[in-house]
């Protein structure tokens with residue numbers, strides 16, 4: 001057993017949201033007990049003690065939409081004129097890039113880099129959406145190894161799409177099915193579940209977007225997922241191109257089309273949902289589908305502003321992600337906080353919704369996928385915890401915790417990260433990985449990959 005004590009403990013648990021001079025006990029991968037430091041130490045005198053020294057202890061951040069494979073695009077120049085639309089960004093950058101990812105090393109190191117950066121930002125869990133059409137079979141095993149080597153909790157899937165033909169589409173479906181079966185096999189005591197409650201890694205079924213999915217493919221994927229009891233991880237109405245394509249294909253808007261094939265549901269993640277109307281929001285709500293907001297990515301791709309405020313009015317479970325734009329949930333939360341104030345020209349909006357996405361809804365989303373509390377510090381929850389070098393210059397209370405984060409906390413304040421009860425970073429130093437060697441190897445592989453992009 002380990003005790004973290006002498007801390008301001010932000011639990012994100014409604015019963016005990018904040019403990020001053022608090023202590024957290026961890027037994028293996030689970031939080032066992034919370035309380036006053038002196039009392040907890042007296043109760044468990046043999047336990048190992050970590051002295052937080054008055055710092056802030058809180059649950060690790062959860063990123064509800066990520067693309068680990070996007071690492072090698074950082075700083076990469078594109079040939080020709082810059083993309084002038086979202087469709088051109090996909091065609092000139094991402095689709096070209098994911099078609100050329102073909103080596104195990106490329107996939108492994110492009111994943112390790114943002115996993116490391118995420119740890120240093122306090123991100124202990126990610127929902128990743130992977131594509132590497134140059135190497136499909138077994139690619140999720142490579143990502144699983146990267147997540148386990150880094151010690152980060154991850155939910156993985158492969159991006160099924162028709163854009164590279166039926167052979168690669170079928171390979172994508174097989175990879176999702178294979179990996180979901182593998183996750184079920186790792187959890188023999190829960191034979192009816194595809195989610196390994198104690199493992200770091202879980203699975204969903206990946207789909208790209210309605211834009212690149214035929215009726216035949218949606219039917220195939222829906223049948224496979226139904227037989228597995230799995231949900232989907234899919235981009236929904238990110239750009240107007242997705243809506244226009246869906247109307248042309250089916251006469252239906254994107255959410256309506258996906259719902260007609262049984263893609264939506266309480267295990268499905270609908271990413272972005274920028275261009276959805278009132279009826280589509282009601283479908284999302286009625287099916288229990290989870291939505292994920294990615295404000296920085298939406299701004300960067302100039303696709304529009306998500307109607308996130310309306311999602312909350314409709315009581316749609318809405319989480320927060322980064323879409324590969326950054327590993328930092330600090331950045332994503334701060335962007336969401338100000339974006340909707342600007343869009344509505346109303347300083348009163350956006351704050352409470354962003355707080356709920358970051359502090360409550362991301363935890364609820366991960367809880368559905370791991371079937372055990374995560375993103376909260378309470379007895380029985382997974383022990384994913386961070387310690388920050390934050391000594392508040394003003395009073396810290398239950399009512400102003402979120403605003404201390406928005407206006408006072410920074411990524412570089414994260415000093416220690418614990419995932420599943422295991423320390424993966426202590427005093428700003430990684431415990432599981434050699435960061436310098438990994439970054440050097442990544443630079444070497446990225447330079448070679450850039451040459452592939454130039455020659456393609």
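Numbering (full-length UniProt numbering), first residue to last: 1 to 456. C-beta atoms are modelled at their ideal positions from N, C-alpha and C, and glycine is treated no differently. Fair warning: this is a prediction, and the values are worked out from it, not measured in the lab.
Residue 389 carries a coil assignment under DSSP once its states are collapsed to helix, strand and coil. According to the DSSP assignment, residue 10 belongs to the beta strand (DSSP E) that extends over 2 to 10. About 5 Å separates the Cβ atoms of residue 72 and residue 110, confirming a contact at the 8 Å cut-off.
Of the residues assessed, residue 227 falls on the exposed side of the cut-off, its CB having fewer than 16 other CB atoms within 10 angstroms. Rounded to whole angstroms, residue 448 and residue 133 show a C-alpha spacing of 18 Å.
Residue pairing by DSSP puts residue 425 in a beta bridge opposite 417, 430.
Inclusion of residue 343 and residue 305 in the CB contact set at 9 Å is warranted, their separation being smaller than that value. In the DSSP annotation of this structure, the continuous segment of the beta strand (DSSP E) that includes residue 63 starts and ends at 61 to 66. Note on geometry: alpha-carbon atoms of residue 14 and residue 95 lie some 43 Å from one another. For residue 287, the uninterrupted alpha helix (DSSP H) segment begins and ends at 278 to 287. Around the CB of residue 394, fewer than 16 other CB atoms lie within 10 Å, so the residue is classed as exposed. Distance from the Cα of residue 64 is smallest, within the candidate group 20, 11, 157, 339, for 157. Rounded to the nearest whole angstrom, the CA to CA distance from residue 247 to residue 253 is 6 Å. Our two residues, residue 301 and residue 31, have alpha carbons roughly 40 Å apart in a direct line.
In the same chain as residue 182, and ignoring 5 residues on each side of it, no C-beta atom comes closer than 7 Å to its own. Note that the region 112 to 130 touches the region 157 to 171; at least 3 beta-carbon pairs, one per stretch, sit closer than 8 Å. Ranked by Cα distance from residue 389, the first of 293, 54, 40 is 54. By the criterion of a C-beta distance shorter than 7 Å, residue 364 is surrounded in its chain by 317, once the five residues flanking it on both sides are discounted. Checking the DSSP bridge columns, you'll see residue 170 has no partner listed.
The criterion of a C-beta distance shorter than 9 Å is satisfied by residue 327 and residue 114. Distances from the CA of residue 40 to each of 268, 24, 356, 136 were compared; the closest alpha carbon is that of 24. Between residue 386 and residue 17, the CB-CB gap reaches or exceeds 9 Å.
For residue 243, the enclosing alpha helix (DSSP H) stretches over residues 240 to 250. If you look at residue 205, you'll find it in the beta strand (DSSP E) that goes 205 to 209.
Contact check between the region 235 to 251 and the region 264 to 283: three or more CB pairs, one atom from each, fall below 8 Å, which counts as touching. Pairing residue 241 with residue 38, the inter-Cα distance amounts to about 59 Å.
Judged by DSSP in its simplified three-state form, residue 410 adopts coil rather than helix or strand.
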